[in-house]
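**Q** Let me begin by handing over the structure; questions about it come next.
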Amino acid sequence: MKVATSYPVEFISLASERLNYYYCLSVAQRSCLFIFKYELGNDSLFFGIIFHLCGQVEILKLDFKRLRNETEKTREHFSALTKRHVYLLNLAKMLDDTISSILAVQLFTSCTLICTSGLQFIIALSVGNIVMTIKTFIVLGTLLGQLFAYSYVGDYLNRQMEGIGDSIYSCSWYDIPKSVTKDIIYVIMRAQDPVYLKAGKFFILNMETYMSIIKTSMSYLSVLRVMISA
Numbered sequence: 613m614k615v616a617t618s619y620p621v622e623f624i625s626l627a628s629e630r631l632n633y634y635y636c637l638s639v640a641q642r643s644c645l646f647i648f649k650y651e652l653g654n655d656s657l658f659f660g661i662i663f664h665l666c667g668q669v670e671i672l673k674l675d676f677k678r679l680r681n682e683t684e685k686t687r688e689h690f691s692a693l694t695k696r697h698v699y700l701l702n703l704a705k706m707l708d709d710t711i712s713s714i715l716a717v718q719l720f721t722s723c724t725l726i727c728t729s730g731l732q733f734i735i736a737l738s739v740g741n742i743v744m745t746i747k748t749f750i751v752l753g754t755l756l757g758q759l760f761a762y763s764y765v766g767d768y769l770n771r772q773m774e775g776i777g778d779s780i781y782s783c784s785w786y787d788i789p790k791s792v793t794k795d796i797i798y799v800i801m802r803a804q805d806p807v808y809l810k811a812g813k814f815f816i817l818n819m820e821t822y823m824s825i826i827k828t829s830m831s832y833l834s835v836l837r838v839m840i841s842a
């Protein structure tokens with residue numbers, strides 16, 4: 613039933629405003645996810661390289677623990693293990709230099725998508741759209757899982773590299789010639805230097821960073837929620 617009025621009046625309900633926000637965010641989110649689904653292969657390759665590197669470090673740690681006095685072969689064996697350690701450190705540095713800029717873009721995009729997905733989740737709950745609520749929850753969980761995976765491998769690589777010092781300390785260094793024992797000290801000192809994966813050369817990728825990103829995203833989400841509710 614139409615009601616004639618002298619002045620044009622536009623009736624906009626709160627539900628329609630929320631629906632407008634919801635559909636805009638939905639289009640933006642689907643566009644981003646359409647792009648990110650092609651990154652699955654890149655992520656698999658990256659994780660494969662990281663775990664391969666960590667596996668080589670684990671083998672090196674076992675070799676250091678088995679180091680013992682073998683007369684003439686002790687020096688040669690220790691020299692070979694030291695060169696292997698330097699090679700793995702250079703490989704980790706090369707990987708960090710290659711992936712640093714990509715990780716910076718990835719982290720920034722993940723933070724943005726987490727905020728928009730969380731906002732869409734709140735709007736979907738407010739309008740009572742159960743289907744979209746479940747979809748948004750799955751998307752949000754996927755984004756958090758991907759970010760957790762990046763943070764975990766960065767933290768895992770650092771712990772494996774630091775474990776080399778503990779492994780060489782666990783060997784029978786007291787039975788090894790003094791000329792080799794002196795060099796062991798330098799290997800332990802070098803192993804104490806942290807090996808990090810960095811995003812943009814300044815943002816360390818570990819579990820502490822993961823928690824910081826979650827806190828920051830939730831803070832921005834709270835601000836956006838207040839802006840919509842106002």
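Going by the working numbering, the sequence shown opens with residue 613, and the numbers climb by one from there. For glycine and all other residues, C-beta sits at the position ideal for the given N, C-alpha and C. If you're wondering where the values come from, they're calculated on a predicted model, not measured in any experiment.
Compare the C-alpha of Phe815 against each of Leu833, Thr748, Gly766 and name the closest.
**A** Against the sequence shown, residue 815 aligns to sequence position 203. Here the closest residue by C-alpha is Gly766.
**Q** So, are the CB atoms of Leu756 and Ile726 less than 8 angstroms apart?
**A** Mapped onto the sequence shown, residue 756 falls at position 144. Mapped onto the sequence shown, residue 726 falls at position 114. Yes, these two residues count as a Cβ contact at 8 angstroms.
**Q** Name the DSSP bridge partner or partners of Phe815?
**A** Here residue 815 refers to the residue found at position 203 of the sequence shown. DSSP, once it has assigned bridges, lists Ala811 as partnering Phe815.
**Q** Using the three-state DSSP reduction, which class does Met613 fall into: helix, strand or coil?
**A** Against the sequence shown, residue 613 aligns to sequence position 1. In this predicted model, Met613 has a pLDDT of only 44, less than 50, meaning its place in the structure is not dependable enough to derive any value.
**Q** Determine, using beta carbons only, whether Phe676 and Leu701 come nearer to each other than 8 angstroms.
**A** Residue mapping note: residue 676 aligns to position 64 of the sequence shown, counting from 1. Residue mapping note: residue 701 aligns to position 89 of the sequence shown, counting from 1. Their beta carbons are not under 8 angstroms apart, which means Phe676 does not touch Leu701 by this criterion.
**Q** Contact between the stretch 731-748 and the stretch 784-802 is defined here as three or more beta-carbon pairs at a separation below 8 angstroms; is this criterion met?
**A** The stretch 731-748 is not in contact with the stretch 784-802.
**Q** Spatial neighbours of Tyr832 within its chain, please: C-beta separation below 7 angstroms, excluding the five flanking residues on both sides.
**A** The residue you call residue 832 lines up with position 220 of the sequence shown. Once the five neighbours on either side are set aside, the close Cβ partners of Tyr832 are Cys727.
**Q** Find out if the Cβ-Cβ distance for the pair Leu769, Leu809 is shorter than 8 angstroms.
**A** Walking along the sequence shown from the start, residue 769 turns up at place 157. Walking along the sequence shown from the start, residue 809 turns up at place 197. In contact: Leu769 and Leu809 (Cβ atoms closer than 8 angstroms).
**Q** With a threshold of 8 angstroms on Cβ separation, who are the neighbours of Thr828 within its own chain once the five nearest residues in sequence on each side are excluded?
**A** On the sequence shown, position 216 is the one that residue 828 refers to. Contacts found: Cys723.
**Q** Among the residues of its own chain, which have a CB less than 8 angstroms from the CB of Ser848, if the five just before and after it don't count?
**A** This structure gives no information on residue 848, because the portion of the chain shown stretches from 613 to 842.
**Q** Considering only C-alpha positions, which residue in the set Glu820, Tyr822, Val807, Ser841 is nearest to Val698?
**A** Within the sequence shown, the letter at position 86 stands for residue 698. It is Val807.
**Q** Could you say which of Leu817, Lys813, Glu820, Glu774 lies nearest to Arg802 if we only look at CA atoms?
**A** Within the sequence shown, residue 802 is the residue found at index 190, counting from 1. Out of Leu817, Lys813, Glu820, Glu774, Glu774 has the C-alpha closest to the C-alpha of Arg802.
**Q** Alpha carbon to alpha carbon, how far is Gly777 from Thr748? Give it in angstroms, no decimals.
**A** The count along the sequence shown starts at 1 and reaches residue 748 at position 136. The count along the sequence shown starts at 1 and reaches residue 777 at position 165. Looking at the two C-alpha atoms, the distance is approximately 45 angstroms.
**Q** Run through the stretch 710-775 for me and flag every whole beta strand (DSSP E) of 3 or more residues, listed as ranges in chain order.
**A** None, since the stretch 710-775 contains no complete beta strand (DSSP E) of that length.
**Q** Starting from Asp795, trace the alpha helix (DSSP H) both ways and give me its first and last residue.
**A** Within the sequence shown, the letter at position 183 stands for residue 795. Segment 790-803, the alpha helix (DSSP H) holding Asp795.
**Q** Is it right to say Leu674 is buried, meaning 16 or more other beta carbons lie within 10 angstroms of its own, or is it exposed?
**A** Residue mapping note: residue 674 aligns to position 62 of the sequence shown, counting from 1. With fewer than 16 Cβ atoms within 10 Å of its Cβ, Leu674 is classed as exposed.
**Q** Whose CA, out of Ser763, Arg771, Lys813, lies closest to the CA of Thr558?
**A** Outside the displayed span of the chain (613 to 842) sits residue 558, for which this structure offers no information.
**Q** Can you tell me the Cα-Cα spacing of Thr710 and Ser729, whole angstroms?
**A** By 1-based counting over the sequence shown, the position of residue 710 is 98. By 1-based counting over the sequence shown, the position of residue 729 is 117. In a straight line, the C-alpha of Thr710 is about 30 angstroms away from that of Ser729.
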